[in-house]
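Student: This is the structure I have questions about; it appears just below.
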Amino acid sequence: MIRQVRIMGDPVLREEALPVRDVHHPAVRSLVADMWDTMADEGGIGIAAPQVGVPLRIICFGLNEAQSADRPAVPRTVLINPEIEYLGEDKEDGWEGCLSVPGMRARISRYVRIRYRGVDLEGNPIERTAEGFHARVVQHEYDHLCGILYPMRVTDWSSFGFTKAMFPEQSETDE
Ligand code: NI
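Using numbering that gives the first Met the number 0, the first residue of the sequence shown is number 0, and each one after it goes up by one.
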């Protein structure tokens, strides 16, 4: 079921999300199914539970096929109670959008390499290292669980604007 995406200004997006205590609870399974439906409907690459109004520590992300050299495929993943560890100091800038900030883009600096951990819907542990775009997507979604939207990380304001003005040839996809 597609849920309404909360947009910047909605207080739920500024909250610190709460850990999921029982991953086997049926409400968690239906929430995750709805997050996937909502993400697909919006053409997103990731979504966090607060974006559908639920302040719980759940993120979903994935890109089945590479969109460009900068946007390779990312494994389709549900990550509950995620943790991120930064591997090294290296950061790089890349374009980001967000379903909660529709129609806009900015260049944001993120760590290049991370390790992330969490559990899936069965409670099985997930632990992966990621770099580049994959690492960026996870950092962006993780930020949602901390009440952070990407505009709060803008440092180069000349790169922040409406997609249709900055990339008139591109179709609209937000994440
Ligand atoms: Ni987002």
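Just so you know, even glycine gets a beta-carbon here, dropped at the ideal spot from N, CA and C.
These numbers come from a predicted model, not from an experiment.
(1) Touching or not, the segment 103–115 and the segment 56–72, by the rule of three or more beta carbon pairs under 8 Å?
(2) I want to know whether the segment 107–117 touches the segment 22–30 - three or more CB-CB distances under 8 Å.
(3) Under 7 Å Cβ to Cβ from residue 19, same chain only, skipping five residues before and after it: list those, please.
(4) Would you call residue 140 buried or exposed, if buried means 16 or more other Cβ atoms sit within 10 Å of its Cβ?
(5) Does the distance from the CB of residue 76 to the CB of residue 46 come in under 8 Å?
(6) Compute the beta-carbon to beta-carbon distance between residue 127 and residue 52, rounded to the nearest angstrom, for a pair I have assumed lies under 8 Å.
(7) What is the rounded straight-line gap between the Cα of residue 38 and the Cα of residue 44?
(8) Can you check which of these residues, 135, 96 and 48, is closest to residue 86 by C-alpha distance?
(9) Apart from the five residues on each side of it in sequence, which residues of its chain come closer than 7 Å, Cβ to Cβ, to residue 145?
(10) Who are the near neighbours of residue 70 in its chain, counting only those whose CB is closer than 6 Å to its CB and skipping five residues on each side?
(11) From residue 111 to residue 68, what distance separates their C-alpha atoms?
(12) Could you tell me the distance, in whole angstroms, from the CA atom of residue 162 to the CA atom of residue 169?
(13) From the DSSP output, in three-state form, read off residue 55 for me.
(14) Measuring only the C-alpha atoms, how far is residue 13 from residue 98?
(15) Buried or exposed: which applies to residue 96, given that a residue is buried once 16 or more other Cβ atoms fall within 10 Å of its Cβ?
Tutor: With the structure as the only source:
(1) no
(2) The answer is no - the segment 22–30 does not touch the segment 107–117, with fewer than three Cβ pairs under 8 Å.
(3) So the qualifying residues of the chain are 27, 55, 56, 57, 79 and 80.
(4) buried
(5) no
(6) At roughly 28 Å, the Cβ-Cβ gap does not stay under 8 Å, so residue 127 and residue 52 are not in contact.
(7) Just so you know, the alpha carbons of residue 38 and residue 44 end up roughly 7 Å apart.
(8) The option with the nearest alpha carbon to residue 86 is 135.
(9) 15
(10) 132
(11) Those two C-alpha atoms are separated by around 16 Å.
(12) 8 Å
(13) strand
(14) 15 Å
(15) buried
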